[in-house]
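Have a look at the structure below, then the notes.
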Amino acid sequence: MKKSNFVAMILGTIGGILFALGMCMAMIPEWNAFRPGVVMGVAGAVVLLIMVLVWRKMEHKDPIHISGKTIGSMLLGIVGALLLGVGMCLTMVWSHMVAGIAIGLIGIVLLLCLIPLTKGLK
């Protein structure tokens, strides 16, 4: 395993755990930890952003260039992830099974659209 991949794996694990724990703290009302959960979730997102920057630096890759395609890909990923999350909440929390499954599937399809958008078709 290359050193850059190992560092990315460690930082990704730490950032993912912080982000997930922060989301749980914010979303589970019994914990009464909404604000600390938001802070921890943001800290996890910052660690994940740092991971991307460190990995790109260690791999000697160019910085990410901001273009219309990059912004569109980011927005598509955000909307797809949010729709998938809303579908899961509708299904598991609010007992709206059919609507949750439909919205979740739309989110999955949007996330799958990212592959040909970013990698292209050959």
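Taken in order, the sequence shown gives residues 16 to 137; the numbers are from this note's numbering.
Glycine residues also receive a C-beta, built at the ideal position from the N, C-alpha and C atoms.
- The beta carbon of Ile123 is closer than 7 angstroms to those of Leu99 in its chain, skipping five residues each way along the sequence.
- Look at Ile93 here: in three-state DSSP terms it is helix.
- Distance from the CA of Met55 to the CA of Val101, rounded to the nearest whole angstrom, comes to 21 angstroms.
- Using a Cβ distance threshold of 8 angstroms, Gly27 and Gly59 do not count as a contacting pair.
- Beta-carbon to beta-carbon, Leu90 and Leu125 are separated by about 10 angstroms, too far to satisfy the 8 angstroms threshold.
- Our two residues, Ile93 and Met16, have alpha carbons roughly 31 angstroms apart in a direct line.
- Within the same chain, Cβ atoms closer than 8 angstroms to the Cβ of Leu132 are found at Lys84, Gly87, Ser88, Leu91, the five residues on either side in sequence being excluded.
- Pairing Met103 with Gly119 gives a Cβ-Cβ distance under 8 angstroms.
- Put simply, the backbone Cα of Ile65 is about 10 angstroms away from that of Arg71.
- Assigned with DSSP and collapsed to three states, Trp109 falls in coil, not helix or strand.
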